[in-house]
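Data first, discussion second: the structure below is written as structure tokens.
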Ligand code: HDD
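Numbering (the numbering used here), first residue to last: 56 to 736.
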């Protein structure tokens with residue numbers, strides 16, 4: 056239990072204990088019948104209980120976040136490995152014995168609160184550290200760059216991205232004219248757009264995605280010396296994605312897919328963790344970074360140029376007690392910064408410093424949102440700020456101003472000291488020349504992708520642009536792609552009815568291997584993965600037990616799915632309980648599918664056949680033995696490719712090696728090199 060947990064505990068009020076009362080504490084004798092003039096008569100205005108109950112209900116909603124409205128949060132802690140005094144005085148980065156409490160909220164960007172978890176979208180990764188020097192909020196995303204260079208364009212970007220103004224369509228989707236119109240008129244977006252078209256926009260789990268602070272920040276040590284820094288979160292379970300078709304299906308089958316996954320993992324004690332990594336750039340070296348202005352948030356610094364140094368670990372180990380009170384009311388502010396960390400002049404960051412504080416006023420109804428349990432710092436708050444809606448404390452004394460000789464002896468300083476960077480310049484609305492190039496890092500990203508990643512990117516551009524009605528926008532998009540990579544532009548053009556462009560620029564050929572998800576398999580762990588085993592009458596209970604035991608031993612869960620809920624009869628004539636009926640779930644909610652042998656003919660069941668075909672189509676491990684092979688055959692899965700496909704595990708009969716081979720494939724996530732063009736799922 057962290058100190059933040061203990062602080063929040065003082066605000067808990069369990070449902071369902073003691074006498075039912077009104078908000079005024081008056082005991083209620085009946086909460087099911089309003090006060091009426093006779094049992095069949097009209098309701099009386101004096102019914103204070105009815106009025107209060109309806110008043111409270113009518114005002115339960117608060118404005119959703121203008122972006123990042125849909126999310127999920129969890130509590131946890133951060134611990135630094137070694138003191139980082141050389142770079143910073145920030146307490147939570149210099150004391151390895153301290154577990155700093157955190158609250159983390161993951162989110163999608165485009166959709167409204169009730170939208171789905173798995174659209175093609177950027178994911179938010181916001182961390183609130185409750186440090187001994189006050190709250191530090193690292194409000195990042197799962198992609199290291201941003202669409203625009205200056206925050207003044209943020210409202211335009213978001214308007215273009217969100218549903219269109221006349222009919223509020225489409226929900227949680229960038230595949231519409233407005234978005235592509237905007238980005239093709241704003242070439243600085245091209246780098247982030249290619250990330251959005253990649254599988255990074257479809258995380259398999261919040262627990263399996265990276266996080267980035269995006270901007271360059273500054274660490275400041277005890278001597279006042281500054282070091283530029285970029286923050287990276289690397290998930291212990293590796294970075295893994297869904298495929299787009301699967302993500303779209305999940306949107307219908309389980310719109311809460313990512314938040315459920317996070318919740319269930321924490322409930323099961325499978326605490327997700329990320330390593331914090333820093334890219335440290337001595338101030339003197341800034342101009343050695345060729346072609347990169349560290350103040351430009353549309354550029355990353357390749358890890359091969361400045362390595363990421365692991366410095367600590369973030370662990371999430373407690374689900375919130377109440378979604379609204381904690382996750383919804385969490386107010387992240389980029390301006391929440393602690394001594395030892397400072398901002399830079401990145402113009403996107405500078406605008407964010409205004410926007411986050413400002414938005415909370417509308418969202419949380421006034422300036423006292425910092426008093427809410429989830430936002431309250433662990434450190435004492437002492438100042439002369441006062442009043443406003445929802446003041447939750449009772450300030451005492453009369454010295455509500457500073458300085459004062461009438462009590463209120465708060466001393467000012469030592470405290471946060473702004474890094475004394477000299478600034479000088481004419482007032483002008485102008486962008487630096489060093490921000491002018493917009494394509495080379497998009498090319499770098501493209502060059503760094505594995506062939507399957509490139510295929511997915513092409514398919515994504517084709518899908519998105521294929522939904523754009525205005526041909527001129529499609530043509531403009533292809534022109535931009537032609538400046539990123541000619542072959543990419545040609546492949547996309549062919550899919551969207553646009554004339555192939557003429558090659559105009561040579562690809563620079565540089566790459567950054569660390570950008571490919573093939574490099575991000577992490578520990579290659581089978582932990583928390585989900586395997587579906589399709590069973591029918593005549594299944595061999597012994598074999599299924601062996602399979603299940605092997606899986607549970609390494610933290611992989613197994614669901615037994617049958618044509619109907621209830622039981623199937625094993626080959627020994629004994630009833631075996633199934634987890635659920637196949638028809639109530641879907642292959643897209645599992646990481647692998649196994650079809651063991653059974654007396655009953657599962658290959659005649661279209662649901663089972665589709666289950667296997669779909670899993671195969673999505674690159675998942677698919678295993679079968681004995682009569683289970685018939686299901687794979689009906690699914691048109693080419694069994695002969697098993698010799699070269701490590702995720703297609705087919706055997707005439709079950710062997711003791713089967714579970715091991717399956718779990719190795721599960722650990723590797725998917726086989727995206729599989730040719731699935733002919734599979735009809
Ligand atoms: Fe933002 C929310 C991340 C640029 C204005 N943003 C928000 C959240 C995340 C980010 C993760 C959700 C926080 C939560 O869970 O409550 N935003 C980013 C990143 C950016 C970025 C990584 C670029 C590097 N944002 C950005 C700009 C502006 C905003 C340029 C405005 C100038 N963002 C907001 C906001 C939100 C927000 C309107 C909506 C809800 C909130 O702040 O609390 O103020």
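From the three backbone atoms N, C-alpha and C, an ideal C-beta is built for every residue, glycine too. The structure displayed is predicted, hence computed values, not measured ones.
Taking residue i and residue j to be in contact with their CB atoms under 8 Å, please state how far apart those CB atoms are, rounded to whole angstroms.
{"i": "residue 682", "j": "residue 652", "result": "5 Å"}
{"i": "residue 130", "j": "residue 60", "result": "7 Å"}
{"i": "residue 433", "j": "residue 58", "result": "6 Å"}
{"i": "residue 187", "j": "residue 232", "result": "Their Cβ separation, rounded to whole angstroms, is 50 Å, which puts residue 187 and residue 232 out of contact at 8 Å."}
{"i": "residue 443", "j": "residue 452", "result": "Not really, about 18 Å apart at Cβ, beyond 8 Å."}
{"i": "residue 136", "j": "residue 468", "result": "31 Å between Cβ atoms; not a contact."}
{"i": "residue 288", "j": "residue 403", "result": "Going by Cβ atoms, the distance from residue 288 to residue 403 rounds to 19 Å, so no, they are not a contact pair."}
{"i": "residue 114", "j": "residue 86", "result": "That pair is no contact at about 19 Å."}
{"i": "residue 677", "j": "residue 718", "result": "Contact flag wrong, Cβ pair sits at about 14 Å."}
{"i": "residue 182", "j": "residue 164", "result": "Rounded, the Cβ-Cβ distance is 17 Å, inconsistent with contact."}
Taking the alpha helix (DSSP H) that residue i falls in, what are its first and last residues?
{"i": "residue 178", "result": "Taken as a continuous stretch (DSSP letters only), residue 178 belongs to no alpha helix (DSSP H), being part of the beta strand (DSSP E) at 178-186."}
{"i": "residue 716", "result": "712-722"}
{"i": "residue 549", "result": "541-550"}
{"i": "residue 624", "result": "Element bounds for residue 624: not the alpha helix (DSSP H) but the beta strand (DSSP E), 622-624."}
{"i": "residue 245", "result": "245-251"}
{"i": "residue 502", "result": "495-503"}
{"i": "residue 516", "result": "506-521"}
{"i": "residue 64", "result": "58-64"}
{"i": "residue 113", "result": "103-113"}
{"i": "residue 341", "result": "Looking at the DSSP string, residue 341 is not in any alpha helix (DSSP H), and its letter there is neither H nor E."}
{"i": "residue 688", "result": "683-689"}
Quick check on DSSP: helix, strand or coil for residue i?
{"i": "residue 482", "result": "coil"}
{"i": "residue 677", "result": "strand"}
{"i": "residue 130", "result": "strand"}
{"i": "residue 232", "result": "helix"}
{"i": "residue 334", "result": "strand"}
{"i": "residue 603", "result": "helix"}
{"i": "residue 274", "result": "strand"}
{"i": "residue 369", "result": "strand"}
{"i": "residue 586", "result": "strand"}
{"i": "residue 418", "result": "helix"}
{"i": "residue 305", "result": "helix"}
{"i": "residue 651", "result": "coil"}
{"i": "residue 434", "result": "coil"}
{"i": "residue 406", "result": "helix"}
{"i": "residue 311", "result": "coil"}
{"i": "residue 553", "result": "coil"}
{"i": "residue 449", "result": "coil"}
{"i": "residue 213", "result": "helix"}
{"i": "residue 461", "result": "coil"}
{"i": "residue 668", "result": "helix"}
{"i": "residue 697", "result": "helix"}
{"i": "residue 242", "result": "helix"}
{"i": "residue 135", "result": "strand"}
{"i": "residue 76", "result": "strand"}
{"i": "residue 596", "result": "helix"}
Name the DSSP beta bridge partners of residue i, please?
{"i": "residue 118", "result": "DSSP output for residue 118 lists no bridge partner at all."}
{"i": "residue 69", "result": "Bridge partners of residue 69: none, in fact."}
{"i": "residue 196", "result": "179, 267"}
{"i": "residue 190", "result": "185"}
{"i": "residue 396", "result": "274"}
{"i": "residue 296", "result": "258"}
{"i": "residue 567", "result": "DSSP lists no partner for residue 567."}
{"i": "residue 616", "result": "589, 635"}
{"i": "residue 98", "result": "91"}
{"i": "residue 364", "result": "333"}
{"i": "residue 328", "result": "370"}
{"i": "residue 82", "result": "76"}
State the start and end residues of the unbroken beta strand (DSSP E) segment that holds residue i.
{"i": "residue 289", "result": "281-290"}
{"i": "residue 631", "result": "630-632"}
{"i": "residue 160", "result": "155-163"}
{"i": "residue 704", "result": "703-706"}
Report whether the distance from the Cβ of residue i to the nearest heavy atom of the ligand PLP is below 6 Å.
{"i": "residue 403", "result": "Ligands displayed in this structure: the ligand HDD; the ligand PLP is not among them."}
| Inter-stretch contact (C-beta, 8 Å, three-pair minimum) for the segment 390-401 and the segment 268-277 | Contact annotation: the segment 390-401 touches the segment 268-277, with at least three C-beta pairs closer than 8 Å.
query: Counting pairs of Cβ atoms below 8 Å between the segment 296-307 and the segment 346-366, do you hit three or more?
result: With the cut-off at 8 Å, the segment 296-307 and the segment 346-366 do not touch.
| said: Would the segment 495-512 count as touching the segment 222-232 if we require 3 or more Cβ pairs under 8 Å? | reply: no
Would you be able to state if there are at least three C-beta pairs under 8 Å between the segment 250-261 and the segment 190-206?
yes
- Message: With three or more beta-carbon pairs closer than 8 Å as the criterion, would you say the segment 537-555 touches the segment 324-339?
- Response: no
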